[in-house]
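Residue numbers (my numbering), protein chains in the order written: chain A, 15 to 356; chain B, 15 to 356. Backbone N, C-alpha and C fix where the C-beta goes; we use that ideal spot for every residue, glycine too. In this text the structure is predicted, and so the values were computed from the model without any measurement.
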DNA sequence: AAAGCCTCCGAAAACCTTTTCGGAACGCCG
DNA sequence: CGGCGTTCCGAAAAGGTTTTCGGAGGCTTT
C-alpha cells in the first residue's frame, strides 16, 4: 500500500504494469479502475492495490486520443495586465476546475498574429472548446481561423451575432447606480464619465440617463467624458463644483475617477456623503476600500461572468451551440460614500 | 489551396487523409511535413498542398504520447486575485508562449487539498514541468505528491532548500530605496512599513536599515509596522509628523501605504517632494500614477521573475535540476514624489 | 447427464503520429 | 550486361488506454 515515490527520470507506471502486478490483463485492469461491470470484487480490489502501490496515474493523452475529447479548454485573453480579464479568468478557471477540465491559458497581447498562432496551437492540442476574453466591452472581430470546436466570447462580444457572447450589463449598471442615488434621496445628480471611446462608458451613461428620466429628474450639467484616470476625476469635479455648486450626487465613470472626485470634494470642503454622494463603477477593491469614505460602487460581477462563460462552453461541448449576446447582472455594493457609516 | 473551413462536428483531418489525398503513405507524409530527409521536392510539395487543402493540424496528443514529452507545463498559483501572481504568470506565459510550450493554469485558492488535486491532474496530463507561484514571499511547504517532473517555485520559495526557488530581492529593494533617497540629498529618513507578519516587510526593513547605516545616517524614529493598507499609511504618517516634525523622507512599506502617507502630508501642509520625499514598493501602476505627485517606487520586476522561472524550468526539463534560492534584481522607478517633475 | 445461462476475464482493435528499416527504382561504372 | 550506390518511398511498430466481443468456467434446470 505504501506508494513508492517515483524517482526522477523513472518512467511513470502504465496500466500494463498495474495489470502485470495484479496478475490480470490490461483490459480487466482498465475496467476495474474505471468502475466498469464484469469484474469481480476481489479482482477489483487486487487491481486497486496494485495501482496504489505503483502510484499509477492514467495517461490523459492516450485517453484523449481514444475518446476524441481531451477535457481541456483554451482561455484566450488579449491582455492579462488588464484588470478585467483576471476575474473572468478566475471564474472560468473555477467553474472548470471544479469538474474534470484543465485550462490552457494564452495571452495574445492584443496582437492578431499572435492570437492566430495561439488558436492554432490550441486546436492542435485538441481542446474541447475556447473562451475568448476581450480587454474592453467593445465588440471584437471573431476568430480568424476555421475553428471546429465551440467558442464563447466573454466581456468583449464578437462582431458576428451568430457567435455566443457573454458581456456585463453596463446599461443596467448605469440604471442601478442612479436608482441607488435616488433611493438615498438625491435629486441633483451629475455624471462624470470615463473615456468616451469605450462603449462601457457610453452604455453606463445610457442607463443612468434613462433612470434619471424615469425618476422624473434631470441630469445636473452635461455628461462629462474624459479618461479613466484619477486626474480626470479631480479636474472634472473642480469644474463641476464651479458651475453647479448645488449638486448633491456625483456618479463617476469608474472607481478611479471617483477617487479623484473624492479628493477634490474634500479639498473644497464638501462632506461625503452628507453634502454630496459619490459612486463609482467596477468595485475595484483597492480603490473602494482605500478611499475616504469607502466608495460605493457597482460591481460588474466579472467572476460570475467567467463562470457563466465556462458553463455556456460546457453546454456547447457536445450539444448544440448557443447564439447571440447574453448579459450578466451587476449589483450595487453600498459603502460610506453614499450612506453614512454606522 | 483554398482551406475548407472544417464544419462543426466534422472529424479533423488526420495525416492519413493528407497522405491519401497526396497519393503517398503516411510515413512519407510525416517526413515531408516535418522537413525530414529522404523525400523528393516534388512529393514534399504535393503533401504540403494536400495538408493546406485539408487544413491539417497534427494531433499533439498522438505526438506527445509517442515522444514522451508533451510540450506543456503546469502553472500552479495559490491566489489569482492577488496582485503578485499575475505579473509572474504573465512573464512565464510570455517566456513559454514564445516557444512551443502551452501553459495549464491552475488556481489552488490557497487550499492544500485542491492543490494536490490539481497536481495530480497535471501529472496525469503528463506536463513536462511545474511552476508553483506563491502568494507571499514567505516560504511554503514543497508539493506534497511525489512529482517526477522538474518543479520551480516562484515568488514564495520552497521550504526545502533542495528545491529551486526564484524570489524577488526584498532586501536589495530596501537598500536601493534608501540609496535613492540619500542620492536625493535626504538625511532624516523614516520608515513606515507594512504588515510585520510578512517576510517581504521585514526584508525590506533589513535592507533599508543596512543602507542607512552605510550612509552614516540613522533612522528617524522607529520602524513602524502595521498593515498594507492606505488607512495605516495615513494614521502612521500623522503620528510620525507629531513626533518627528523634521523628517525629510518617508520610505513606505508598499505603494498603498505611501498613498496614505501622501494624503496626510498634504493635509498637514507638507510639500512633496520639496519638504518630504516619499517612496513606496511594488510599483503598482494604478497607485503610483494616480497619486499626487506621482509616486516613486521600487519595482520588484515580477514579470522578469516569471520569465526567469520559465527559463529555469525549461533548462531543468531534460537536463539536471538546479537547486537553491535565486533572487531577481529590482529597480527604482523615479517619479515626482522624490524628484520634482520638470 | 446434457443443455443453457451467467459471471468473469482476455485478446485485439482503435485513436494518430513518428521512426526505423527494408525494398524498389534508377543511374553509373566496370 | 551485371553489380553497386543513391534516392526515394512504404510497411510496421511503438506509445497507453478503452471498448468490444468471444471464450471459458461454474452453476442451474430439465
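- Query: Run through DSSP, which three-state label would residue 117/A get?
  - Reply: Along the first chain, read from residue 1 onward, the residue named residue 117/A stands at position 103. Reduced to three states, the DSSP call for residue 117/A is strand.
- Bridge-paired residues (DSSP) for residue 295/A: Along the first chain, one-based indexing puts residue 295/A at 281. Its beta-bridge partners are 312/A.
- Message: Taking CB distances under 7 Å as the criterion, tell me whether residue 75/A reaches chain B.
- Response: Residue numbering aside, residue 75/A sits at position 61 when the first chain is read from its first letter. Chain B, which has a Cβ nearer than 7 Å to the Cβ of residue 75/A, makes this yes.
- Message: If distances are taken between C-alpha atoms only, which option among 348/A, 307/A and 302/A comes closest to residue 284/A?
- Response: For this step, residue 284/A is matched to residue 270 along the first chain. The option with the nearest alpha carbon to residue 284/A is 307/A.
- Closest residue to residue 350/A among 236/A, 272/A and 261/A (Cα-Cα distance): Mapped onto the first chain, residue 350/A falls at position 336. Relative to the Cα of residue 350/A, the nearest Cα in the group 236/A, 272/A and 261/A belongs to 272/A.
- Message: Would residue 20/B pass as an interface residue toward chain A - the criterion being a Cβ-Cβ separation below 7 Å?
- Response: Along the second chain, read from residue 1 onward, the residue named residue 20/B stands at position 6. Caution applies to residue 20/B, whose pLDDT of 43 falls short of 50 and renders its modelled position unreliable; the value that the coordinates give is listed next. Put simply, the CB of residue 20/B is near chain A, with a gap under 7 Å to one of its CB atoms.
- Message: Along the region 78 to 89 of chain B, where does the CB come closer than 9 Å to a CB of chain A? Name the residues.
- Response: Using a CB distance below 9 Å, the part of the region 78 to 89 of chain B facing chain A consists of 78, 79, 82, 84, 85, 86, 88 and 89, ordered along the chain.
- Look up residue 263/B in the DSSP assignment and give the residues it is bridged to. Here residue 263/B corresponds to residue number 249 of the second chain, with the count starting at 1. In DSSP, residue 263/B forms a bridge with 203/B and 291/B.
- chain A within 7 Å of residue 118/B, Cβ atoms only: Locating residue 118/B in the second chain gives position 104, counting from the first residue. At a cut-off of 7 Å between beta-carbon atoms, residue 118/B makes contact with chain A.
- Just curious, the beta strand (DSSP E) that residue 144/B is in, first and last residue? In the second chain, the residue the question calls residue 144/B occupies position 130. Where residue 144/B is concerned, the enclosing beta strand (DSSP E) stretches over 143 to 147.
- Message: Do residue 311/A and residue 180/A have their beta-carbon atoms positioned less than 7 Å apart in this structure?
- Response: Counting from 1 along the first chain, the entry for residue 180/A is found at position 166. Counting from 1 along the first chain, the entry for residue 311/A is found at position 297. Here residue 180/A is not near residue 311/A, since their CB atoms are 7 Å or more apart.
- Query: According to DSSP, which residues form a beta bridge with residue 86/A?
  - Reply: Working through the first chain from its first residue, we reach residue 86/A at position 72. Residue 86/A is bridged to 116/A.
- Item | residue 134/A: contacting residues in chain B (beta-carbon distance under 9 Å) | What you label residue 134/A is simply residue 120 of the first chain in a count that begins at 1. The contacting residues are 71.
- Query: Using a C-beta to C-beta distance shorter than 8 Å, which residues of chain B count as neighbours of residue 250/A?
  - Reply: In the first chain, residue 250/A corresponds to position 236, counting from 1. Within chain B, no residue has its CB atom less than 8 Å from the CB of residue 250/A, the nearest being about 15 Å off.
- Near residue 93/B, what residues of its chain come up, given a Cβ to Cβ distance below 8 Å and the 5 sequence neighbours on each side ignored? Within the second chain, residue 93/B is the residue found at index 79, counting from 1. So the qualifying residues of the chain are 99, 121, 123, 124 and 149.
- Task: Compare the C-beta of residue 313/A against all C-beta atoms of chain B and say whether one is closer than 7 Å.
- Result: The count along the first chain starts at 1 and reaches residue 313/A at position 299. Judged by the 7 Å Cβ criterion, residue 313/A is not in contact with chain B.
- Message: Per DSSP, what are the beta-bridge partners of residue 182/B in this structure?
- Response: In the second chain, residue 182/B corresponds to position 168, counting from 1. Per DSSP, 342/B.
- Item | Residues in the region 150 to 162 of chain B having any Cβ partner in chain A nearer than 9 Å | Answer set for the region 150 to 162 of chain B: 159, 160, 161 and 162.
- Message: Could you compute how far the alpha carbon of residue 57/A sits from the alpha carbon of residue 49/A?
- Response: Counting from 1 along the first chain, the entry for residue 57/A is found at position 43. Counting from 1 along the first chain, the entry for residue 49/A is found at position 35. Cα-Cα distance, rounded: 12 Å.
- Task: Output yes if chain B places a C-beta closer than 7 Å to the C-beta of residue 94/A; else output no.
- Result: As a working mapping, residue 94/A is identified with position 80 in the first chain. Contact with chain B is found for residue 94/A, since one of that chain's Cβ atoms lies less than 7 Å from the residue's Cβ.
- Taking 7 Å as the CB-CB cut-off, is residue 15/B touching chain A? Counting from 1 along the second chain, the entry for residue 15/B is found at position 1. Per-residue confidence for residue 15/B stands at a pLDDT of 36, beneath the threshold of 50, marking its modelled position as unreliable; the derived number appears in the next sentence. Cβ-Cβ to chain A under 7 Å: no for residue 15/B.
- 8 Å Cβ cut-off: residues of chain B touching residue 270/A: To locate residue 270/A, count along the first chain from 1; it is residue 256. Those within 8 Å of residue 270/A in chain B are 300 and 304.
- Task: Name, going along the chain, the residues of the region 204 to 221 of chain A whose beta-carbon falls closer than 8 Å to a beta-carbon of chain B.
- Result: Against chain B - using a Cβ distance shorter than 8 Å - the region 204 to 221 of chain A contributes no residues.
- So does the region 255 to 270 of chain B actually touch the region 281 to 295 of chain B, counting three or more Cβ pairs closer than 8 Å? Segments in contact, yes.
- Message: With H, G and I counted as helix, E and B as strand and the rest as coil, what does DSSP make of residue 349/A?
- Response: The residue you call residue 349/A lines up with position 335 of the first chain. Note: residue 349/A maps to coil in three-state DSSP.
- Message: Rounded to whole angstroms, what is the Cα-Cα separation between residue 15/B and residue 63/B?
- Response: Your numbering for residue 15/B matches position 1 in the second chain. Your numbering for residue 63/B matches position 49 in the second chain. For residue 15/B, the predicted structure reports a pLDDT of 36, less than 50, and the residue's modelled location is therefore unreliable. The matter cannot be settled from this model.
- Query: Is there a Cβ from chain A that is less than 7 Å from the Cβ of residue 329/B?
  - Reply: Residue numbering aside, residue 329/B sits at position 315 when the second chain is read from its first letter. So, not an interface residue.
- Interface flag, residue 139/B vs chain A, CB-CB below 7 Å: Here residue 139/B corresponds to residue number 125 of the second chain, with the count starting at 1. Closer than 7 Å: yes.
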